[in-house]
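In the working numbering, the protein residues as written are 2 to 422.
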């Protein structure tokens, strides 16, 4: 059977249409071939860029088949290097182009069927050939559908992988945020504890400083042992000491000096000498008791026992007199250079303790204190008047000059001696 001229021209046009890409797309296939070569060499990144170049050329030349190949290759490469989103896009582009090509070819074959249907009367051979074309088309369509379904499954798998990775990132960010909050909590807790510790340390230092001040003030008015007893028990006990030495000093002419000078000058003079006395007795085992006007009272052997109480006291008295004589040139007011000091010392038993509940005062009582005061009253300017018990306690450590007897109340007559170096 002879094929009509119309059918021959249609088939020729179809072949020309399908082969037009091969004629005009020489640049695209060449780039594709070069990309395949790079891919076989194992250079993934470079092959991806080469396929993207070939894809751009195929789009410019409108080569759909080549575009599909490029998309498919890019999808596989990007999937291998975990560029899931880009791979998914290329799979979708491949599917879209594949469907467009399939629809286009289906339309072309459908048109061919219609044309061939009109020529059924021309011969059974043409009908059979057209039927074979239709069967081939159905088979190809089925294969295309299978590929599309496979691509969709792969797309779903990629989406699931992306969602899984996204969930991992969300959990990671959540854990990091939670860890940061916990760390921030501990940092704030640490800073608050550090600030509290610093405040407590400062308060403790202030308390210690105030306690030291209090202790220093307490030690200024009480002996160390008595102050410690008072701090520990809130009270102190009085004790009797069988052996102790008491010294009294006063300035001759002080009453006249005080009446003729300003109070500031009087206080300045007493402060100067009494500070000097305090410094002197600090080198001996002597405890200052108090000052009464221009009189200075101190004791050795109480509250701490001292076997050399008489020797220490006589030695300190000699230094007292030397200090006053060397300070005669200092002027505190009218007639201050004429001031001279007399000293009285006596040894014996006494009682010592703290009296009062508000203004504590450590004091000494007994005949020994009274006799020492009488020795000072019976002394002379610039002299140290001591009793016989002092002479006996000192032994041969000093030279003494006997000067007579002193009538003492309830004691009878007491022998007196001046100390000589």
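We put the CB at the ideal spot given by N, CA and C, even for glycine. Nothing here was measured: the structure is a model prediction, and the numbers come from that model.
Exercise. Roughly how many angstroms separate the alpha carbons of residue 237 and residue 189, rounded to a whole number?
Worked result: Computed Cα separation, rounded: 50 Å.
For this session: Tell me, to the nearest whole angstrom, how far the beta carbon of residue 246 is from that of residue 311; I am working on the premise that it is less than 8 Å.
Result: Yes, residue 246 and residue 311 are in contact; Cβ-Cβ is about 5 Å, under 8 Å.
Problem set entry | One or two residues paired with residue 386 in a DSSP bridge | Partner(s): 345 and 419.
For this session: Determine the DSSP secondary structure at residue 49, reduced to helix, strand or coil.
Result: Assigned with DSSP and collapsed to three states, residue 49 falls in helix.
For this session: Quick one: grab the DSSP three-state call for residue 166.
Result: Helix, per DSSP.
Exercise. So, helix, strand or coil for residue 354, using DSSP?
Worked result: In this structure, residue 354 counts as strand in the three-state DSSP scheme.
For this session: Pull up the CB-CB distance for residue 29 and residue 51, whole angstroms please, since I reckon it's below 8 Å.
Result: For a cut-off of 8 Å, the C-beta gap from residue 29 to residue 51 is around 12 Å, too long to register as a contact.
Exercise. Who are residue 248's beta bridge partners in DSSP?
Worked result: 299 and 346, per the DSSP bridge assignment.
Exercise. Pairing CB atoms from the region 343–361 with CB atoms from the region 197–206, are three or more of them under 8 Å?
Worked result: The answer is no - the region 197–206 does not touch the region 343–361, with fewer than three Cβ pairs under 8 Å.
Exercise. Short check: CB of residue 340 to CB of residue 369, under 9 Å?
Worked result: For residue 340 and residue 369, no; Cβs fall outside 9 Å.
Exercise. Nearest-angstrom Cα distance between residue 422 and residue 398?
Worked result: Residue 422 and residue 398 have their alpha carbons spaced roughly 9 Å apart.
Exercise. Enumerated in chain order, which unbroken segments of the beta strand (DSSP E) with a length of 3 residues or greater are wholly contained in the region 54–125?
Worked result: Note on the region 54–125: there is no whole beta strand (DSSP E) run with a minimum of 3 residues.
Problem set entry | Residue range of the alpha helix (DSSP H) that includes residue 374 | Segment 368–378, the alpha helix (DSSP H) holding residue 374.
Problem set entry | Cβ-based burial, residue 407 [other Cβ within 10 Å; buried from 16] | Counting Cβ neighbours within 10 Å, residue 407 comes out buried, since at least 16 surround it.
Problem set entry | For residue 169 and residue 132, the rounded distance between their alpha carbons | For residue 132 and residue 169, the distance between alpha carbons rounds to 55 Å.
Problem set entry | Separation of residue 346 from residue 331, as counted between CA atoms | Approximately 27 Å, taken between the alpha carbons.
Exercise. Which two residues bound the contiguous beta strand (DSSP E) that contains residue 407?
Worked result: Residues 400–409.
For this session: For my contact list, residue 417 and residue 386 are in at a C-beta cut-off of 8 Å; report their separation, rounded to the angstrom.
Result: 6 Å between Cβ atoms; contact.
For this session: Determine contact between the region 314–322 and the region 281–291, defined as no fewer than three beta-carbon pairs at a distance below 8 Å.
Result: Touching, per the Cβ criterion.
Problem set entry | Test item: CB-CB of residue 322 and residue 378 under 9 Å | When the beta-carbon positions are compared, residue 322 and residue 378 stay at least 9 Å from each other.
Problem set entry | Pairwise C-alpha distance: residue 179 and residue 147 | In this structure, the straight-line span from the alpha carbon of residue 147 to that of residue 179 is close to 47 Å.
Exercise. According to DSSP, is residue 288 helix, strand or coil?
Worked result: Strand at residue 288.
Exercise. Does any C-beta atom of chain C lie closer than 9 Å to the C-beta of residue 329?
Worked result: Going by chain labels, chain C is absent from the structure shown, which holds only one protein chain.
Exercise. Helix, strand or coil: how does DSSP classify residue 413 here?
Worked result: Reduced to three states, the DSSP call for residue 413 is strand.
For this session: Determine the closest residue to residue 294 out of 302, 259, 276 and 300, with distance taken between C-alpha atoms.
Result: Considering only alpha carbons, the answer is 259.
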